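Trainee:
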Amino acid sequence: MLALYGTGVSSGIYIGNTYVLNRQRPEVPEYTLLKEHIEDEVKRFEEAISESRAQLRAIRDHIPANAPTETASLIDTHLLILDDNMLAKAPIAMIREEKCNAEMALKTQSEHLMAMFEQIDDPYIRSRKTDVNQVVEGILRNLLGMQDIGHDEIKAGNIVVADDLTPADTVMLKHKRVRAFVTDLGGPISHTAILARSLGIPAIVSVHNATGFVRNNEEIIVDGKRGSIIIGADEPTISEYRKRQRRIAQLRKELESLRKSRSVTQDGQKIILQANIELPPDVKAAIKSSASGIGLYRTEFLFMNRDEPPSEEEQYRSYAKVVRTMEGKPVTIRTLDLGADKQVDGGSHRTPVTVNPALGLRAVRLCLHDPGLFKPQLRAILRVSAIGRVRMMIPMISSMDELSRVLDLIAEVKTELKRQGEHFNPKIPVGGMIEVPAAAIAADLFAPLLDFLSIGTNDLIQYTLAIDRVDDAVNYLYDPLHPSVLRLIAMTIKAGQAEGIPVAMCGEMAGDPRYTRLLLGLGLTEFSMHPATLLDVKKIVRDSDVSVLKRIAGKVLRMRDIHELHAKVDQLNEPFI
Ligand code: PEP
Ligand code: MG
224 MLALYGTGVS SGIYIGNTYV LNRQRPEVPE YTLLKEHIED EVKRFEEAIS
274 ESRAQLRAIR DHIPANAPTE TASLIDTHLL ILDDNMLAKA PIAMIREEKC
324 NAEMALKTQS EHLMAMFEQI DDPYIRSRKT DVNQVVEGIL RNLLGMQDIG
374 HDEIKAGNIV VADDLTPADT VMLKHKRVRA FVTDLGGPIS HTAILARSLG
424 IPAIVSVHNA TGFVRNNEEI IVDGKRGSII IGADEPTISE YRKRQRRIAQ
474 LRKELESLRK SRSVTQDGQK IILQANIELP PDVKAAIKSS ASGIGLYRTE
524 FLFMNRDEPP SEEEQYRSYA KVVRTMEGKP VTIRTLDLGA DKQVDGGSHR
574 TPVTVNPALG LRAVRLCLHD PGLFKPQLRA ILRVSAIGRV RMMIPMISSM
624 DELSRVLDLI AEVKTELKRQ GEHFNPKIPV GGMIEVPAAA IAADLFAPLL
674 DFLSIGTNDL IQYTLAIDRV DDAVNYLYDP LHPSVLRLIA MTIKAGQAEG
724 IPVAMCGEMA GDPRYTRLLL GLGLTEFSMH PATLLDVKKI VRDSDVSVLK
774 RIAGKVLRMR DIHELHAKVD QLNEPFI
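The sequence shown begins at 224 in this note's numbering and counts up by one.
1) For the ligand MG, I want to know if Asp735 counts as a neighbour, meaning its beta carbon is within less than 7 angstroms of at least one of the ligand's heavy atoms.
2) Pop quiz: Gly229 and Asn381 are said to be a contact at Cβ under 8 angstroms. What is the actual Cβ separation, rounded to whole angstroms?
3) Using the beta-carbon count (16 or more within 10 Å), is Ala281 buried or exposed?
4) Beta carbon of Leu848: closer than 7 angstroms to some heavy atom of the ligand PEP?
5) From the DSSP secondary-structure annotation, give me the bridge partner or partners of Ile427.
6) Please say whether Tyr237 and Pro425 have beta carbons closer to each other than 8 angstroms?
7) State the DSSP-derived secondary structure class of Asp793, mapped to helix, strand or coil.
8) Between the beta-carbon of Phe675 and the beta-carbon of Pro652, is there less than 8 angstroms?
9) Looking only at C-alpha atoms, which of Leu525, Ala543, Gln492, Leu481 sits nearest to Ala514?
10) What number of angstroms, rounded off, separates the C-alpha of His789 from the C-alpha of Glu550?
11) As a quick exercise: from Thr406, Ile610, Arg606, pick the residue whose alpha carbon is nearest that of Glu818.
12) Note the first and the last residue of the continuous alpha helix (DSSP H) segment covering Ile633.
13) Nearest-angstrom Cα distance between Phe647 and Pro503?
14) Do you know offhand how far Val401's Cα is from Arg692's?
15) Determine the extent of the alpha helix (DSSP H) in which Val708 is found, giving its start and end residues.
16) Please determine whether the Cβ atom of Asp560 lies at a distance below 7 angstroms from any heavy atom of the ligand MG.
17) By how many angstroms is the C-alpha of Asn579 removed from the C-alpha of Pro594?
18) Comparing the CB of Asn796 with every heavy atom of the ligand MG, is any distance shorter than 7 angstroms?
19) For the alpha helix (DSSP H) that Thr460 lies in, which residues bound it at each end?
20) Compute the minimum distance between the beta carbon of Cys323 and the heavy atoms of the ligand PEP, and state whether it is under 7 angstroms.
21) Exposed or buried, what is Thr715 when buried is set at 16 or more other beta-carbons lying within 10 Å of its beta-carbon?
22) Quick check on Tyr701: does DSSP put it in helix, strand or coil?
23) Any heavy atom of the ligand PEP closer than 7 angstroms to the Cβ of Arg781?
24) Quick check: the stretch 474-494 against the stretch 755-763, are there 3 or more CB pairs under 8 angstroms?
25) Identify whether Gln497 lies in helix, strand or coil by the three-state DSSP scheme.
26) Looking at the ligand MG, does it come within less than 7 angstroms of Glu625, judged from the CB to the closest heavy atom?
27) Quick one, are the C-beta atoms of Leu519 and Ser751 less than 8 angstroms apart?
28) When a residue counts only if its C-beta is closer than 6 angstroms to some heavy atom of the ligand PEP, which residues count, in chain order?
29) Excluding the 5 residues flanking Gly203 on each side, which residues of the same chain have their C-beta closer than 7 angstroms to its C-beta?
30) What separation, rounded to the nearest whole angstrom, lies between the Cα atoms of Val445 and Glu635?
31) From what residue to what residue does the alpha helix (DSSP H) around Asn308 run?
32) Would Gly815 be called buried (16 or more neighbouring beta carbons within 10 Å of its own) or exposed?
33) Do Ile318 and Ala311 have their C-beta atoms within less than 8 angstroms of each other?
34) Taking 7 angstroms as the cut-off, is the CB of Pro346 close to at least one heavy atom of the ligand MG?
35) If I follow the unbroken beta strand (DSSP E) through Thr241, where does it start and stop?
36) When you compare the CB positions of Thr739 and Ile724, do they come within less than 8 angstroms of one another, or not?
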């Protein structure tokens with residue numbers, strides 16, 4: 224019996240037979256052309272490109288209606304790459320000038336492009352390298368007349384094990400009713416991960432050399448929550464996992480019945496469970512999950528993939544749509560968090576590429592640097608506060624001076640709106656995200672200036688543990704239970720309590736049921752998360768006794784051995800997970 228570990232990016236357990244995709248890049252032949260064959264070779268290359276285009280379009284046309292919206296846009300990205308001159312035209316010039324065969328020209332040009340990507344500091348753009356590679360591979364297969372990756376042999380119910388998967392593959396796998404997948408590469412924000420989460424099948428990425436250990440048509444266990452696969456499991460292990468599978472299925476059924484139940488602990492504490500959204504249509508899922516409000520509206524998505532930032536009016540309309548649909552429930556609109564991995568694509572406010580973009584001009588720093596960008600948003604948020612329960616939240620606060628400048632600017636915008644006769648809530652609550660260690664350590668200084676705090680664990684963990692969120696090479700260091708992270712969370716909660724202001728958490732940790740009980744024990748009363756996990760968290764809340772958890776959380780905070788600490792938190796969750 225052998226267990227391999229990676230990063231679980233979509234939870235659930237599945238036991239089934241594997242289909243190992245061998246996506247090794249094909250061997251590239253190299254030869255020199257006779258002059259009279261050059262134009263035929265150019266034609267062959269153009270045909271391979273057309274074939275790739277037709278293949279991608281066919282996939283896009285067959286995207287199921289319930290597939291995540293990202294699916295189509297990822298395939299569109301591949302189509303754009305395919306039509307880029309750097310890929311579609313440069314190899315043709317090379318075939319003509321150097322008289323080399325099409326495969327060789329494509330390979331040389333792709334190596335050239337990869338070298339260019341290496342020079343780019345922006346991790347988002349760098350991450351596009353994978354897409355370019357996938358497109359190149361598709362063209363190469365067409366040139367060599369190779370079948371695509373053997374999808375036809377994949378059977379419904381298979382677990383696909385691959386070195387990496389393209390978005391196009393992932394859509395195909397959905398059609399084939401694949402029930403889980405495991406890849407050698409990728410990180411939690413890779414395309415594969417994003418799609419797997421939305422498709423709702425267990426998935427694990429970054430299991431280095433899974434394709435080396437797993438054979439075709441072999442029964443394995445995939446545990447998406449733990450991020451583990453078990454090869455050659457014995458009977459007791461399989462029956463243990465089947466038992467867990469049944470427990471999960473039962474839990475799912477029970478969860479549906481919780482939609483109308485209150486979010487109250489056994490000892491009567493009301494716990495606020497809210498949803499994170501990126502765009503107005505996400506509100507539907509939030510309402511369906513019984514969220515009592517929106518705890519994080521990531522407005523930066525409205526600013527992406529366009530040349531000009533949205534006007535104040537457009538922003539107002541978007542925010543108003545969310546506020547109206549929430550029908551009186553609170554909506555926390557976060558001001559722009561652009562920069563680092565979240566760059567606008569080619570917009571006029573694109574930040575220059577810096578050496579450490581995550582430590583650069585991001586979020587509130589970028590906004591203060593560019594009031595022309597920030598003020599229309601502040602106006603739109605303030606105006607929308609006249610029509611519902613709107614809260615404003617500032618990301619990435621790291622210094623008192625910065626916070627004062629934001630508050631001054633808000634006051635200035637209020638005066639301006641008043642003068643213009645615009646309506647707004649003069650007492651709109653303004654909160655700060657605690658996601659930089661400096662803000663957590665000095666949360667007691669920030670709290671008196673704010674109406675609420677919200678802990679952004681994604682960044683808090685990134686900055687505390689010095690691990691780039693988008694770099695899969697340091698994924699293994701990601702640990703929300705790191706004592707330093709736990710201490711910062713506990714300090715922030717305490718600072719809020721001392722000041723008498725609410726403290727929420729809106730990072731991924733808040734929506735991960737593994738941490739719910741510990742966070743309740745640490746005194747957290749507001750959680751905001753992806754709507755998909757809200758009912759899981761609600762179930763745990765309703766089965767918890769905060770007074771008991773407080774004692775245990777106190778012990779966890781004092782633990783020195785990280786393994787014991789993890790074991791203790793697992794133990795807390797035993798009845799549920
Ligand atoms: C966070 O950092 O935890 C957070 C919620 O914000 P984002 O993921 O958008 O950076
Ligand atoms: Mg953040």
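Glycine is no exception: its CB is placed at the ideal position from the N, C-alpha and C atoms. The structure displayed is predicted, hence computed values, not measured ones.
Mentor: Per the coordinate set shown:
1) If you number the sequence shown from 1, residue 735 lands on position 512. For the ligand MG, not one heavy atom lies less than 7 angstroms from the Cβ of Asp735.
2) Indexing the sequence shown from 1 puts residue 229 at position 6. Indexing the sequence shown from 1 puts residue 381 at position 158. With a Cβ gap of about 18 angstroms, Gly229 and Asn381 do not count as contacting.
3) As a working note, residue 281 is residue 58 in the sequence shown. It is exposed - the Cβ of Ala281 has fewer than 16 other Cβ atoms within 10 Å.
4) What the structure shows of the chain is the stretch from 224 to 800, and residue 848 is not part of that stretch, so it cannot be assessed.
5) Here residue 427 refers to the residue found at position 204 of the sequence shown. BP columns for Ile427 point to Gly231, Val405.
6) Counting from one through the sequence shown, the residue named residue 425 turns up at place 202. Counting from one through the sequence shown, the residue named residue 237 turns up at place 14. Contact: yes.
7) Position 570 of the sequence shown, counted from the start, is the residue given in the question as residue 793. Helix, per DSSP.
8) Here residue 675 refers to the residue found at position 452 of the sequence shown. Here residue 652 refers to the residue found at position 429 of the sequence shown. The answer is yes: Cβ separation under 8 angstroms.
9) In the sequence shown, the residue the question calls residue 514 occupies position 291. Measuring from the Cα of Ala514, the nearest candidate turns out to be Leu481.
10) For the purposes of this step, residue 789 is identified with residue 566 of the sequence shown, where counting begins at 1. For the purposes of this step, residue 550 is identified with residue 327 of the sequence shown, where counting begins at 1. Taking the straight line from one Cα to the other gives about 41 angstroms.
11) The displayed coordinates of the chain run from 224 to 800. Any statement about residue 818 would go beyond what the structure contains.
12) For this step, residue 633 is matched to residue 410 along the sequence shown. 623-642 is the span of the alpha helix (DSSP H), which, as asked, contains Ile633.
13) As a working note, residue 647 is residue 424 in the sequence shown. As a working note, residue 503 is residue 280 in the sequence shown. If you take the alpha carbons of Phe647 and Pro503, they lie about 21 angstroms apart.
14) For the purposes of this step, residue 401 is taken as residue 178 along the sequence shown, with counting starting at 1. For the purposes of this step, residue 692 is taken as residue 469 along the sequence shown, with counting starting at 1. Distance between the alpha carbons of Val401 and Arg692 is about 29 angstroms.
15) Working through the sequence shown from its first residue, we reach residue 708 at position 485. Here the alpha helix (DSSP H) through Val708 covers 706-722.
16) Stepping through the sequence shown from its first residue, residue 560 is reached at position 337. Yes, the beta carbon of Asp560 sits closer than 7 angstroms to at least one heavy atom of the ligand MG.
17) To locate residue 594, count along the sequence shown from 1; it is residue 371. To locate residue 579, count along the sequence shown from 1; it is residue 356. Between Pro594 and Asn579, the C-alpha separation is close to 23 angstroms.
18) Taking the sequence shown and counting its residues from 1, one reaches residue 796 at position 573. It does not: the Cβ of Asn796 is nowhere closer than 7 angstroms to a heavy atom of the ligand MG.
19) Translated into positions along the sequence shown, residue 460 becomes position 237. Per DSSP, Thr460 belongs to the alpha helix (DSSP H) from 458-479.
20) Here residue 323 corresponds to residue number 100 of the sequence shown, with the count starting at 1. Checking the Cβ of Cys323 against the ligand PEP gives no.
21) For the purposes of this step, residue 715 is taken as residue 492 along the sequence shown, with counting starting at 1. Thr715 comes out buried.
22) What you label residue 701 is simply residue 478 of the sequence shown in a count that begins at 1. Note: Tyr701 maps to coil in three-state DSSP.
23) Here the question's residue 781 lines up with position 558 in the sequence shown. Answer for Arg781: no, Cβ out of range of the ligand PEP.
24) yes
25) What you label residue 497 is simply residue 274 of the sequence shown in a count that begins at 1. Three-state result, Gln497: strand.
26) Locating residue 625 in the sequence shown gives position 402, counting from the first residue. Because no heavy atom of the ligand MG lies under 7 angstroms away, the Cβ of Glu625 does not count as near it: no.
27) Taking the sequence shown and counting its residues from 1, one reaches residue 519 at position 296. Taking the sequence shown and counting its residues from 1, one reaches residue 751 at position 528. Yes. Within cutoff.
28) Leu519, Arg521, Asp560, Glu658, Gly679, Thr680, Asn681, Asp682, Cys729, Gly730
29) The chain is shown from 224 up to 800; residue 203 falls before or after that span and cannot be answered.
30) Residue 445 sits at position 222 when you count from the first residue of the sequence shown. Residue 635 sits at position 412 when you count from the first residue of the sequence shown. Cα to Cα, the separation comes out at about 55 angstroms.
31) As a first step, residue 308 must be located in the sequence shown, where it is residue number 85. 308-311 is the extent of the alpha helix (DSSP H) around Asn308.
32) Only positions 224 to 800 of the chain appear in the structure, and residue 815 is not among them; the question remains open.
33) Walking along the sequence shown from the start, residue 318 turns up at place 95. Walking along the sequence shown from the start, residue 311 turns up at place 88. Cβ distance not < 8 angstroms, so Ile318 and Ala311 don't count as in contact.
34) In the sequence shown, counting from the first residue as 1, residue 346 sits at position 123. No, the beta carbon of Pro346 sits no closer than 7 angstroms to any heavy atom of the ligand MG.
35) Counted from its first residue, the sequence shown places residue 241 at position 18. Per DSSP, Thr241 belongs to the beta strand (DSSP E) from 236-244.
36) Looking up residue 739 in the sequence shown gives position 516. Looking up residue 724 in the sequence shown gives position 501. Cβ distance not < 8 angstroms, so Thr739 and Ile724 don't count as in contact.
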